[in-house]
Amino acid sequence: TTSGTGSECTAVAVVMDEKNGCKQEIVSDRFLPDVAVLDPRCTEKLPPRQTAACGMDALVHAMEAYTCRQKNPLSDAYARTAVE
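Letter 8 of the sequence shown, counting from 1, is numbered 102 in the numbering used here, and no numbers are missing.
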């Protein structure tokens, strides 16, 4: 995965059915990791366009967290920090 998506620490997996081109979500707490190691060196060779897209994805995640109905003071603090 690339940076910004958060897929390394979520309970959701997306499986692509190559035959019909459909995506299927699978949700399970068993997908949640005990630890996620994020090494920025793994992204150093990404094309600039991909790096920019990852940054925008992270920004949008933060904006969603700040404006969603389930927000709370802690999620607001994290979202504001992410946007800054």
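Using N, Cα and C, we set each Cβ at its ideal position, and we do this for glycine too.
Nothing here was measured: the structure is a model prediction, and the numbers come from that model.
Next on the checklist: My output table needs one value for residue 46: the three-state DSSP class, helix, strand or coil.
Outcome noted: As displayed, the chain neither begins before 95 nor continues past 178, which places residue 46 out of reach and without an answer.
Checklist entry - If you count every other CB in all the chains shown that lies within 10 Å of the CB of residue 156, and 16 or more means buried, which is it? => result Here residue 156 refers to the residue found at position 62 of the sequence shown. Burial call: buried.
Checklist entry - With 16 as the cutoff for other CB atoms within 10 Å, does residue 98 come out buried or exposed? => result As a working mapping, residue 98 is identified with position 4 in the sequence shown. It is buried - the Cβ of residue 98 has at least 16 other Cβ atoms within 10 Å.
Checklist entry - Identify the residues that DSSP records as bridge partners of residue 119: which are they? => result Your numbering for residue 119 matches position 25 in the sequence shown. For residue 119, which the question treats as bridged, DSSP gives the partners 108.
Checklist entry - Rounded to a whole number of angstroms, what is the C-alpha to C-alpha distance between residue 104 and residue 127? => result Position 10 of the sequence shown, counted from the first residue, corresponds to residue 104. Position 33 of the sequence shown, counted from the first residue, corresponds to residue 127. Going from the Cα of residue 104 to the Cα of residue 127 covers about 8 Å.
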